[in-house]
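This report concerns only the one structure given below.
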Amino acid sequence: MVAENLVKDYVIASVAASIVPVPLFDIAAVAAIEMRMIQKLSELYGKPFSEGVGRNILASLAGGVLGYGVGAAVAVSLTKLIPGVGWMMGMVSLPVLSGASTYAVGRVFIKHYEGGGDIFDLSTEAMRGYYQEQFEKGKKLAAKVKGKKAQAEEAAPSAA
């Protein structure tokens, strides 16, 4: 339960970071958030942590699933440069994709660590199907988080 709550906290952070209107900063922020989540999960499960191995795992998991890899994320982020519709597309889709990715990564590590593995023996090929399944679940969670954030922002001016 602690691990699941930790992952949800990082999903919220990823959604918030990807709303930042600065193209590419959002991608870097989400990658840093996911790396920190892996580190915290490693500590929670008493497992060793390696930032280099973690980066490779992140790239491998996100790079080949549902077309949501680094290239797709960068493309969506760059749409924020287009006035009007492009900016809105980036602001609508990237928070959900980022949150879903963070959720899926967290779930992969929880499953792997609870199975007795550590960061050094995680097979991204073996986990790709599970990542994809969790990514779909994560999209729903991230959409809820994004909706709650939007409601809070709308309510804030009227409360003042």
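When we follow the numbering used here, the leftmost residue of the sequence shown carries the number 580, and every step to the right adds one.
No residue lacks a Cβ here, since even glycine has one placed at the ideal position from N, Cα and C.
Values in this document were obtained by computation on a predicted structure and should not be read as measured data.
Between residue i and residue j, how many whole angstroms is the CB-CB distance? I'm expecting something under 8 Å.
i: Gly678; j: Val581; result: The Cβ separation is near 20 Å, so there is no contact.
i: Ile689; j: Phe628; result: Ile689 to Phe628, Cβ: 15 Å. No contact.
i: Leu637; j: Ala610; result: 7 Å
Between which two residues does the alpha helix (DSSP H) holding residue i run?
i: Asp588; result: Val581 to Ser597
i: Gly631; result: Glu630 to Gly642
i: Ser621; result: Phe604 to Leu623
Starting from the Cα of residue i, find the closest Cα among the options and give me that residue.
i: Leu640; options: Ile591, Phe628 and Met614; result: Met614
i: Gly633; options: Met616, Ala596, Ala722 and Asp605; result: Met616
i: Gln711; options: Glu622, Arg686 and Ala722; result: Arg686
i: Glu715; options: Val724, Leu676, Gly625 and Glu693; result: Leu676
i: Gln713; options: Lys619, Ala592, Ala596 and Tyr682; result: Tyr682
i: Glu693; options: Leu620, Ser629, Lys718 and Lys723; result: Leu620
i: Gly696; options: Gly625, Ala610, Asp588 and Ala607; result: Gly625
i: Ala705; options: His691, Gly717 and Lys718; result: His691
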